[in-house]
């Protein structure tokens, strides 16, 4: 089935303050209660997950993730700001999905195939005519 | 300045039928009159540009790009369908940008910094607590 993929990124200078991967990381930190657990769930290294958290914590007006002081097990939770930013990001994503469904997405789907053709059936289809 | 980046992709099965790169390629094919010229403009190989054209030509209900028969110089132009798909893709992108501006984008910008902090100022900011 034809479908649309909308990737929403919030940029702070050159840094990506929020995007699909960071939003999922926040969800999993909330669920697992630690950056390490979230990293495991997402199949990424702890250091990589921490780097993503560090970027978020430096892009927003306050930290989105707080580690639990005095614990060495990497316990972490979302701050109130973290919960707010995540909720607003999800809400914006949802409103954009709605917009896509009601603003011309149908105009495109009527023109697309269910699946790509496996090869060019026509003789003068675009094809390489030698390297350049 | 905080900003938003919306990446719109149209999927046909597992293939990306249209996205920012393919839309730009179509624009440049129209402008240069050839796949080779468009590839040069975008700093990609002719073969890579042709592969992108081939995917588009197999995903939509007809070819978006047609090579000029009998020419060995890679002359190409957009079909009427190509013009239509590109216009509708651009229109959907524009309507999504409008939606973002009027649906909660402001709620996020009020919470983001102009630029990321260079480092964590607080003592208990999230930080690595040993490898896992």
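Residue numbers (the working numbering), protein chains in the order written: chain A, 467 to 598; chain B, 467 to 598.
We put the beta carbon where it would ideally sit given N, CA and C, even for glycine.
On a predicted model such as this, the values are computed, not experimentally measured, just so you know.
Check, Outcome
"Taking CB distances under 7 Å as the criterion, tell me whether residue 486(A) reaches chain B.", "no"
"In chain order, what residues of the same chain have a beta carbon less than 8 Å from the beta carbon of residue 499(B), not counting five sequence neighbours either side?", "541, 542, 543"
"Below 9 Å on C-beta distance, what does residue 579(B) contact in chain A?", "478, 479, 483, 524, 525, 526, 527"
"Would you verify that the beta carbon of residue 468(A) is, or is not, closer than 7 Å to some beta carbon of chain B?", "yes"
"Does DSSP put residue 581(A) in a helix, a strand or coil?", "coil"
"Is there a Cβ of chain A sitting closer than 7 Å to that of residue 570(B), yes or no?", "yes"
"At which residues does the alpha helix (DSSP H) containing residue 552(B) begin and terminate?", "546-568"
"For the 8 Å Cβ check, are there 3 or more pairs between the region 549-567 of chain A and the region 507-520 of chain A?", "no"
"Quick one: what does DSSP say residue 521(B) is sitting in, helix, strand or coil?", "helix"
"Whose C-beta lies closer than 8 Å to the C-beta of residue 527(A) among residues of the same chain, with five residues either side of it excluded?", "547"
"Work out the CA separation of residue 480(B) and residue 566(B) for me, nearest whole Å.", "27 Å"
"In whole angstroms, what is the alpha-carbon distance linking residue 572(A) and residue 474(B)?", "14 Å"
"Helix, strand or coil: which one does DSSP assign to residue 484(B)?", "strand"
"If contacts are defined as beta-carbon pairs under 8 Å, then residue 476(A) and residue 468(B) qualify, I think. What distance do you get, rounded to the angstrom?", "7 Å"
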